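> In my numbering, each number is its position in the sequence shown, counted from 1, plus 140.
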Amino acid sequence: MKMFQQLQAKKKELYVLRHQHQLLLENDGAQTQKDQTLEELVERSWSKTGPGKVWTKERVKAENKKKQSLARIEAEKFLNEGPEALTQLYRPYSMIQSKHWKHEERALFKNINWAEMDGQTISFRARMHTLRRMSAKLVFIVFRQQTITIQGVLQSFKPSEGQGEHGTISEQMIHPEVLLLVLLRILHAMLFAKLDDKNLESRTSMDTSHHQKRSLPQRVRLNNRIIDLRTTPAQAIFRIQSGICNLFRSYLDTHKVSLKFIPQNYKEGLLNLVQLFFELNYFGRSAFLAQSPQLAKQMCMAADFERVYEIGAVFRAEDSNTPRHLTEYTGLDLEMALEEHYHEALTLIDGMFKNLWKGIYDRYQPEIDLIDQFYPHTKVEWLDETPRIPFSVGVKMLIDSGWVEEDGSLPSETEDLSTRAEIRLGALVKEKYHTDYYILDKFPASVRPFYTMPDPEDDRFTNSFDIFMRGQEILTGGQRIHDAEFFGKAWGAPPHAGCGIGLERLTYLFLSLGNIRLASLFPRDPKSLPAIPPTLALRHEDASTLHPIWEKNGQEFSPELLPPLEKLIANYGDAANTSWLDKRYHVWRHATTGAAQGYVIHNSYAIINILVRNSVGVPCLLQQKKRADPRNNPAAKDNDLARKVRHAEKEGVKLQTLPFNEPVPDDFKEKVDARVKDWQKNRKGTQVHLTEIRPWADEAHRKYFYAQGPDGTIHAINVLHQLSPENGYQVKFSLEFPNAPSGTVESLLLYSMKQLSAAEPDVKRITFGTGAQPHIEGGRNLGKHRIKALKKAYETIIKQARLLGKSEFREKMGTWNEGVYVAYPKGGLGAGGIRALMGFLEEDG
């Protein structure tokens with residue numbers, strides 16, 4: 141008994157200590173002890189609950205108070221940061237910045253002597269070119285710096301003493317083209333082939349081995365130019381192009397061409413040549429982007445600068461969409477004063493080119509070899525003494541070889557050569573002189589600018605020349621007229637000559653790239669910028685909603701001034717709008733603009749655009765359009781349709797057109813109305829439709845086509861309703877009447893499209909209106925169960941009403957689909973709304 145009492149006392153003491161510890165942790169004990177000591181609290185608690193209980197009423201209150209406090213903290217956190225799922229996706233923006241300059245040495249691949257790097261650790265920045273995971277503990281990674289790649293091996297290992305733990309790299313962590321900062325220890329440097337010679341089969345989706353490479357269309361590459369420029373051939377191309385500029389400048393600098401000038405934009409005197417230039421607004425004055433620095437170069441000659449050159453932008457407003465033309469390119473221009481003869485300039489230019497060819501091959505052979513893997517080409521051949529062939533002699537070489545132009549004519553010595561003739565002459569020169577590089581001198585005056593110096597011995601020709609490489613022109617140059625009296629200027633200038641070179645053309649021909657755009661960093665041609673859609677004129681200017689007629693005339697608005705609904709449909713309408721002409725439709729009009737909205741009230745619901753629902757005052761419901769191109773309809777080439785058309789022709793069916801914009805004859809209306817009644821009697825079951833059969837409504841905006849039998853019976857009618865200029869026409873009615881020969885309606889539809897295309901070639905669209913598709917897709921704010929129910933109901937409706945048959949027929953006529961979106965009112969589409977919608981669509985037959 142004594143031992144039991146001692147045990148109880150120990151338990152009580154332990155209980156006191158435990159309770160005190162809990163109160164201290166919760167910071168709520170002080171409040172509890174204001175009226176009583178801890179011992180009294182424990183004594184009272186012990187006496188009521190016994191030694192086996194640890195919870196008290198005060199403890200429960202403290203726990204509740206703690207939960208409330210935590211709840212308040214969580215609520216404030218939610219208000220400030222949002223849901224945890226979103227917080228993980230959207231964190232406060234933290235910009236990547238270089239916060240410290242540690243002067244760490246970063247290695248460049250091109251400067252590393254790999255044979256001496258075994259055992260050393262290097263730090264470098266490179267792109268991750270490819271990653272190939274061979275196993276869970278072995279990964280091959282290829283790093284790329286511009287044109288140079290190295291392969292590293294990442295494998296699992298036990299860190300040596302003093303070396304920290306490092307994480308693993310997986311395909312989900314890094315992707316191709318990621319820019320990485322790498323700390324790499326070189327265990328042993330070897331060639332790629334030695335690492336890959338086992339031809340391991342394990343590959344991942346990130347491996348870009350040769351058999352997986354695909355060639356992208358060139359336009360895609362140019363539209364994503366930053367990515368394309370990272371490729372090794374692109375890097376090599378522009379290194380070589382930079383070298384061309386450097387060699388051009390250094391050669392001229394060493395030959396006393398001391399001034400590099402900046403050309404002007406043309407600002408005046410070009411009104412008769414505006415079509416050749418890009419015009420811009422220069423502070424309210426007309427200015428034109430420079431097509432050439434020609435005038436600026438010649439003014440420098442008049443200012444006694446003797447020899448000048450320029451490397452700058454040139455703009456040509458020429459609609460030339462060929463592989464050898466750009467609208468913006470870099471020009472290498474030269475102008476120099478002459479002592480005696482224009483061949484002084486020609487000799488300097490010739491020497492510059494030969495120095496350039498030699499310098500490129502000496503400095504950039506690795507880049508040339510790399511480009512050759514993607515764009516194979518032969519080395520440019522040139523002679524110590526460049527052939528200088530008079531233009532007339534070049535023409536004679538072409539004629540002697542049997543060359544004729546595309547139209548069968550012979551080349552003329554007083555007319556310019558075509559591109560094909562230039563290429564052929566280049567082949568003849570290569571065959572005769574064994575060179576890719578030659579000069580064609582003494583061009584005819586008829587193909588040179590007015591300021592070109594005439595040949596003193598034969599004024600049919602000029603002191604001008606072109607230089608060719610691989611059969612295409614890379615330079616145009618010549619002597620300028622410097623006679624003051626000839627130009628009516630008294631400032632005077634020394635004899636001078638010059639030239640202009642296209643940097644991009646020179647690069648692409650030298651490397652045989654096949655397209656000049658590959659030699660331009662960011663190429664521009666007539667098709668580069670997005671096409672501007674044409675502005676379509678309204679069919680009826682007096683029915684404009686942007687500029688209502690009462691505003692134009694300065695009148696006060698009145699309902700009598702509202703434009704007719706028929707004209708609004710012709711200006712702005714689509715297929716569904718033509719149904720508003722039916723008698724069951726109400727039309728709401730906007731008083732400020734005259735805009736219209738049609739709707740039908742059925743069982744207290746209105747099927748209407750949600751934007752105007754408040755103006756109608758009833759609950760609202762807000763449904764794939766079928767379109768075809770009458771100019772290029774694939775149905776015209778369909779074998780099955782062609783067979784049906786032939787059958788209708790054999791049956792003697794004749795296709796006719798009623799004159800547009802002329803009243804429909806009454807006797808024709810009577811015939812068609814009688815056949816429509818026959819058609820309606822022949823229908824069975826419930827019919828689903830959006831419009832009533834009223835072919836004679838709004839005749840002014842409709843075209844009528846019909847098929848007639850040998851006996852004069854109307855077998856089919858096709859009515860096209862004029863819509864907005866953007867939407868073209870709607871096949872409002874296409875009815876094949878009972879006992880019509882097979883293929884009649886198909887034949888009439890194809891005939892209608894052909895006639896419409898011939899009469900109005902600008903019409904690009906014909907729509908069949910809204911049709912059914914096999915299933916519906918759920919959008920936003922609709923749960924899975926509601927979508928499932930709607931899909932089941934929709935499939936039942938289209939099956940019972942046989943709606944897909946009409947859609948399939950339209951697709952045979954060459955249509956394509958445009959989705960139609962259905963918006964339901966707040967709370968979803970209920971049973972009453974569905975009944976209203978189906979009541980609107982159904983008609984008992």
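Built from N, CA and C at the ideal position, the CB exists for glycine as well.
This one's a predicted model, so the numbers in the text were calculated from it and none came from an experiment.
1) Taking C-beta to C-beta, are Lys811 and Ile854 nearer than 7 Å?
2) Within its chain, find whatever has a CB closer than 7 Å to the CB of Val859; leave out the 5 residues flanking it on each side and keep chain order.
3) What three-state label does DSSP hand Arg620 in the structure shown?
4) His787 to Ile833, Cα distance in whole Å?
5) Taking C-beta to C-beta, are Asp818 and Pro878 nearer than 7 Å?
6) Could you tell me whether the Cβ of Phe531 comes closer than 7 Å to any Cβ of chain B?
7) Along the chain, where does the alpha helix (DSSP H) that runs through Gly491 open and close?
8) May I ask which residues mark the beginning and end of the alpha helix (DSSP H) holding Lys536?
9) Would you check if the distance between the CB atom of Asn461 and the CB atom of Pro666 is smaller than 7 Å?
10) Please report how far the alpha carbon of Asp540 lies from the alpha carbon of Pro596, in whole angstroms.
11) Could you compute how far the alpha carbon of Leu708 sits from the alpha carbon of Arg361?
12) When you compare the CB positions of Asp576 and Glu613, do they come within less than 7 Å of one another, or not?
13) Using a Cβ-based criterion (distance less than 6 Å to any ligand heavy atom), does Leu702 qualify as near the ligand SAM?
14) Opposite Asp473 in the DSSP bridges: which residues?
15) Please state the DSSP three-state secondary structure of Glu613.
16) Considering only their Cβ atoms, is the gap separating Ala633 from Leu478 smaller than 7 Å?
17) Name the residue from Ile236, Asn655, Glu216 and Tyr578 whose alpha carbon lies nearest to the alpha carbon of Cys358.
18) In chain order, what residues of the same chain lie with their CB nearer than 7 Å to the CB of Ser892, ignoring the 5 residues before and after it?
19) Report back the beta-carbon spacing between Gln870 and Ala715 to the nearest angstrom; my notes put them in contact at under 8 Å.
20) Taking the alpha-carbon positions, what's the Thr685 to Thr733 distance?
21) How about Ile621 and Phe605: are their beta carbons less than 7 Å apart?
22) Am I right that Leu658 and Ile489 are in contact with their C-beta atoms under 8 Å? What's the rounded C-beta distance?
23) Using a threshold of 7 Å, state whether the C-beta atoms of Arg456 and Gln431 are closer than that.
24) Alpha carbon to alpha carbon, how far is Ala436 from Lys250?
25) Residue ranges of each beta strand (DSSP E) run of no fewer than 3 residues wholly in the stretch 654-737, ordered along the chain?
26) Since I believe Pro584 is in contact with Arg600 (beta carbons under 8 Å), could you give me their beta-carbon distance rounded to a whole number of angstroms?
27) For Ala376, which option in Thr884, Ala215, Met274 and Ile288 has the closest C-alpha, if you only look at C-alpha atoms?
28) Secondary structure at Glu275, three-state DSSP: helix, strand or coil?
29) Once the 5 residues before and after Ile511 are set aside, which same chain residues still bring their CB inside 6 Å of it?
30) Decide if Pro699 is buried, meaning its Cβ has at least 16 other Cβ atoms within 10 Å, or exposed.
31) Straight-line CA distance for Ile607 to His240?
32) Ala847 lies in the beta strand (DSSP E); which residues open and close that run?
33) Who are the near neighbours of Gly986 in its chain, counting only those whose CB is closer than 7 Å to its CB and skipping five residues on each side?
34) Spatial neighbours of Val544 within its chain, please: C-beta separation below 7 Å, excluding the five flanking residues on both sides.
35) DSSP state of Val200, grouped into three classes?
By the coordinates alone:
1) yes
2) Pro835, Arg842, Tyr844, Lys872 and Phe873
3) strand
4) 28 Å
5) yes
6) Structure shown: chain B not included; a single protein chain is present.
7) Taken as a continuous stretch (DSSP letters only), the alpha helix (DSSP H) holding Gly491 covers His483 to Arg503.
8) Looking at the DSSP string, the run of the alpha helix (DSSP H) that includes Lys536 is Phe531 to Asp540.
9) yes
10) 28 Å
11) 44 Å
12) no
13) In the structure shown, the ligand SAM is absent, as is every other ligand, since no ligand is present at all.
14) Glu450 and Gly640
15) strand
16) Cβ distance not < 7 Å, so Leu478 and Ala633 don't count as in contact.
17) A small fix is needed here, since residue 358 is Gln in this sequence, not Cys. Comparing Cα positions, the closest option is Asn655.
18) Phe845, Asn858 and Leu860
19) Ala715 and Gln870 do touch by the CB rule: their CB atoms are close to 4 Å apart, below 8 Å.
20) In this structure, the CA atom of Thr685 is about 5 Å from the CA atom of Thr733.
21) No, these two residues do not count as a Cβ contact at 7 Å.
22) Actually they are not in contact, since the Cβ atoms of Leu658 and Ile489 sit about 26 Å apart, beyond 8 Å.
23) yes
24) 42 Å
25) 726-729
26) 6 Å
27) Ile288
28) Checking the sequence shown, residue 275 turns out to be Ser, not Glu. Of the three classes helix, strand and coil, the one that applies to Ser275 here is strand, per DSSP.
29) Pro373, Ala376 and Leu651
30) Taking a 10 Å sphere around the C-beta of Pro699, we find fewer than 16 other C-beta atoms and assign the residue as exposed.
31) 54 Å
32) Looking at the DSSP string, the run of the beta strand (DSSP E) that includes Ala847 is Arg842 to Gln848.
33) Residue coverage of the chain in this structure runs from 141 to 985, which leaves residue 986 outside it and unanswerable.
34) Excluding positions up to five away in sequence, the list reads Leu550.
35) helix
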